[in-house]
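Residue numbers (this note's numbering): 13 to 303.
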């Protein structure tokens with residue numbers, strides 16, 4: 013089993029682009045991690061304006077954003093980075109007009125080439141993977157449903173800075189109001205007993221790649237469900253205590269662990285296999301030039 017061909021989102025976004033103004037500097041000790049845009053491979057339905065501003069992120073996060081890497085591709089990337097690249101950087105980029113998120117990614121690619129002399133290439137490698145399959149062919153669980161526009165997707169940006177206001181919730185069905193993003197909650201907020209992960213308008217390959225993150229899996233998860241289109245889902249589970257450190261967390265013994273919740277709520281299972289995984293390989297990288 014192999015991963016699907018790499019989508020040429022770069023061509024759709026118009027090819028090579030650059031920021032009009034950029035600033036790159038090491039993060040100040042004690043500064044708070046925050047960003048104006050979600051530095052992941054997901055496509056949120058929120059406006060970005062023309063400014064990308066990120067504080068206290070490792071270089072891997074900027075490369076992940078620039079090349080639209082899946083969580084596993086980012087994990088593979090991190091093993092190649094030199095020690096200096098694992099320290100956090102603040103990056104700001106001012107663009108002309110109102111670029112899309114994917115156009116911002118192309119600008120970040122140019123920034124990484126100009127300031128870090130980054131050279132990379134993609135290649136396919138045979139690696140251990142998990143195949144995401146339906147337990148019952150053609151049938152999803154009750155908490156995994158074809159995407160619905162009711163309620164409509166919110167255009168309210170998700171606050172990512174620690175201590176910010178709670179992330180938006182939907183009024184119906186337990187799904188997030190914001191589309192194209194994975195949103196997590198520890199509930200109840202004052203004395204949490206479980207986690208709830210929600211998302212709307214994601215394809216099954218996107219859901220598969222992020223199952224690896226939520227489940228803390230050590231290999232790529234590739235979609236093998238055969239389901240087309242986009243989906244909404246919500247999953248409730250008790251995390252393994254050694255994987256999540258949440259203050260005042262008291263696990264609810266009546267709720268399932270993540271693998272069981274995947275089965276019971278989403279109708280999905282993970283099968284260990286080997287498969288072709290598209291990975292990003294670093295050919296060259298240097299410490300950044302000054303502003």
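Cβ atoms here follow ideal geometry from the backbone N, Cα and C, with glycine treated the same way.
Put residue i into one of helix, strand or coil per three-state DSSP.
| i | result |
| --- | --- |
| residue 151 | strand |
| residue 289 | strand |
| residue 118 | helix |
| residue 296 | strand |
| residue 218 | helix |
| residue 126 | helix |
| residue 189 | coil |
| residue 47 | strand |
Have a look at residue i and residue j and give me their C-alpha separation to the nearest angstrom.
| i | j | result |
| --- | --- | --- |
| residue 251 | residue 220 | 18 Å |
| residue 42 | residue 34 | 23 Å |
| residue 20 | residue 122 | 17 Å |
| residue 27 | residue 155 | 38 Å |
| residue 329 | residue 132 | Absent from the structure is residue 329, since the part of the chain shown begins at 13 and ends at 303. |
| residue 50 | residue 40 | 21 Å |
| residue 242 | residue 268 | 26 Å |
| residue 163 | residue 218 | 21 Å |
| residue 81 | residue 147 | 28 Å |
| residue 48 | residue 31 | 15 Å |
| residue 53 | residue 301 | 26 Å |
| residue 99 | residue 69 | 8 Å |
| residue 236 | residue 161 | 26 Å |
Under 8 Å Cβ to Cβ from residue i, same chain only, skipping five residues before and after it: list those, please.
| i | result |
| --- | --- |
| residue 207 | 196, 197, 198, 199, 248, 249, 250, 251 and 256 |
| residue 96 | 299 |
| residue 91 | none |
Can you give the beta carbon distance from residue i to residue j, rounded, assuming they're within the 8 Å contact cut?
| i | j | result |
| --- | --- | --- |
| residue 55 | residue 192 | 4 Å |
| residue 281 | residue 145 | 5 Å |
| residue 119 | residue 109 | Wrong, their Cβ atoms sit about 12 Å apart, outside the cutoff. |
| residue 83 | residue 284 | With 8 Å as the limit, residue 83 and residue 284 do not qualify as a contact, their Cβ atoms being about 18 Å apart. |
| residue 45 | residue 138 | With a Cβ gap of about 36 Å, residue 45 and residue 138 do not count as contacting. |
| residue 141 | residue 226 | Actually they are not in contact, since the Cβ atoms of residue 141 and residue 226 sit about 16 Å apart, beyond 8 Å. |
Could you give the residue range of the beta strand (DSSP E) that holds residue i?
| i | result |
| --- | --- |
| residue 195 | 194-199 |
| residue 233 | 232-235 |
| residue 142 | 131-146 |
| residue 242 | 242-249 |
| residue 206 | 206-215 |
| residue 35 | 33-38 |
| residue 102 | 100-106 |
Spatial neighbours of residue i within its chain, please: C-beta separation below 6 Å, excluding the five flanking residues on both sides.
| i | result |
| --- | --- |
| residue 187 | 210, 212, 244 and 246 |
| residue 215 | 242 |
| residue 277 | 153, 155 and 247 |
| residue 102 | 37, 39 and 67 |
Going by DSSP, what residue range makes up the alpha helix (DSSP H) through residue i?
| i | result |
| --- | --- |
| residue 64 | First-last for residue 64: 63-70, but that is the beta strand (DSSP E), not the alpha helix (DSSP H). |
| residue 157 | Premise fails: residue 157 lies in the beta strand (DSSP E), 156-158, not in any alpha helix (DSSP H). |
| residue 277 | 270-278 |
| residue 85 | 83-90 |
I'd like the list of long-range same chain contacts for residue i, defined as Cβ closer than 7 Å, with 5 residues on each side in sequence excluded.
| i | result |
| --- | --- |
| residue 275 | 147 and 281 |
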